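Residue numbers (this note's numbering): 12 to 87.
Ideal Cβ placement from N, Cα and C applies to all residues, glycine included.
Since we're looking at a predicted model, the values are computed, not measured.
Take a look at the structure below.
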C-alpha cells in the first residue's frame with residue numbers, strides 16, 4: 012500500500028539545509044533539481060523535503076520556547 016519511510020541521513024539533512032539557504036523554504040523543486048544537491052536527495056520527493064523542513068522548524072521552535080520558559084522560571 013504505502014512505501015516504507017526511510018530515515019533521513021545526515022547528508023540528506025545537510026543538503027536540505029544548504030538548499031534552503033540557497034533558494035529559501037518552499038523552493039523544493041529548485042533544491043531537488045540543483046546539481047549540487049541532486050545526488051544526496053535522489054530518493055526524496057518535494058513532499059519529503061517540505062515535511063522534513065516543517066518538522067525541523069517545529070523542533071527548533073519547541074526548543075526555543077522551552078529555553079524561554081526555563082529562563083523565566085529561573086528569573087533570568
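{"Query": "Could you give the uninterrupted runs of the alpha helix (DSSP H) lying entirely in the region 30-66, keeping only those of 4 residues or more?", "Result": "39-44 and 46-49"}
{"Query": "Evaluate contact between the region 47-64 and the region 19-37, counting only Cβ atoms and requiring at least three cross-stretch pairs below 8 Å.", "Result": "yes"}
{"Query": "Cα separation between residue 36 and residue 64?", "Result": "8 Å"}
{"Query": "Apply the 10 Å Cβ neighbour rule to residue 82 and answer buried if 16 or more other Cβ atoms are within range, or exposed otherwise.", "Result": "exposed"}
{"Query": "Would you call the CB atoms of residue 52 and residue 24 closer than 8 Å?", "Result": "no"}
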